[in-house]
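Down below is the structure, laid out as structure tokens.
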């Protein structure tokens, strides 16, 4: 260091610290500030550790919840698959019943037409049982006429 720089530094030092009391006060202030920051660092470290513990617990809870959701999803997917299968069976059964009903209706209509010469007109007032009654009456009449 050159002599001018050294002189300037000494002047700045003497201006900042005119005596040993000023140096001691400055050192105590620096120590207090250091203690303050150490204390603050300890508090922050404790918070980080506490939060990491909390995060670990929360992460475990999250994993457990995700596992339960996956199990429930698997269960409900099975229920949906079983339900879909059952719906398909019921739809097939319903279609079969409709076809059988239509076939029976057609056979009854043909029988009614053979007995009366006309196709039946189905309504709320004239149903399958009525058509069967008419056919039975017509057959009874024909049998009575043949036996005479």
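Residue numbers (the UniProt record's numbering): 1 to 148.
Beta carbons: idealized from backbone N, C-alpha and C, even for Gly.
None of these values were measured; they are calculated from a predicted model.
In chain order, what residues of the same chain lie with their CB nearer than 8 Å to the CB of residue 118, ignoring the 5 residues before and after it?
Residue 118 sits at position 118 when you count from the first residue of the chain shown. Around residue 118: 112.
The region 73–82 touching the region 92–103, judged by at least three CB pairs closer than 8 Å
Touching, no, given that fewer than three Cβ pairs across the two stretches are closer than 8 Å.
Quick check on this structure: which residue in 131, 70 and 63 has the alpha carbon closest to the alpha carbon of residue 108?
Along the chain shown, one-based indexing puts residue 108 at 108. Residue 131 holds the alpha-carbon nearest to the alpha-carbon of residue 108 among 131, 70 and 63.
Whether residue 16 touches residue 26 by CB criterion (9 Å):
Start at 1 with the first residue of the chain shown, and residue 16 comes out as number 16. Start at 1 with the first residue of the chain shown, and residue 26 comes out as number 26. Against a cut-off of 9 Å, the Cβ pair of residue 26 and residue 16 comes out as a contact.
Look up residue 120 in the DSSP assignment and say whether it is helix, strand or coil.
By 1-based counting over the chain shown, the position of residue 120 is 120. Residue state, collapsed to three classes: coil.
Among 91, 123 and 82, which one has its Cα closest to the Cα of residue 105?
Counting from one through the chain shown, the residue named residue 105 turns up at place 105. When each option's Cα is compared against that of residue 105, the closest is 123.
For residue 18, count neighbouring Cβ atoms within 10 angstroms of its own Cβ and tell me buried if that reaches 16, exposed if not.
The sequence position of residue 18 within the chain shown is 18, counting from 1. Burial call: exposed.
Hey, could you find the ends of the alpha helix (DSSP H) residue 18 is sitting in?
Mapped onto the chain shown, residue 18 falls at position 18. First-last for residue 18: undefined, no H or E at that position.
Measure the C-alpha to C-alpha separation of residue 47 and residue 67 and round it to an integer number of angstroms.
As a first step, residue 47 is located in the chain shown; it is residue number 47 there, counting from the start. As a first step, residue 67 is located in the chain shown; it is residue number 67 there, counting from the start. Near 29 Å, if we compare the C-alpha coordinates of residue 67 and residue 47.
If you count every other CB in all the chains shown that lies within 10 Å of the CB of residue 3, and 16 or more means buried, which is it?
Locating residue 3 in the chain shown gives position 3, where the first residue counts as 1. Flag for residue 3 reads exposed.
Rounded straight-line distance, which links the Cα of residue 21 to that of residue 58:
Translated into the one-based positions of the chain shown, residue 58 becomes position 58. Translated into the one-based positions of the chain shown, residue 21 becomes position 21. If you take the alpha carbons of residue 58 and residue 21, they lie about 54 Å apart.
Which residues in the same chain have their Cβ closer than 8 Å to the Cβ of residue 56, if we skip the five residues on either side of it in sequence?
Numbered from its first residue, the chain shown carries residue 56 at position 56. So the list is empty, once near-sequence residues are dropped.
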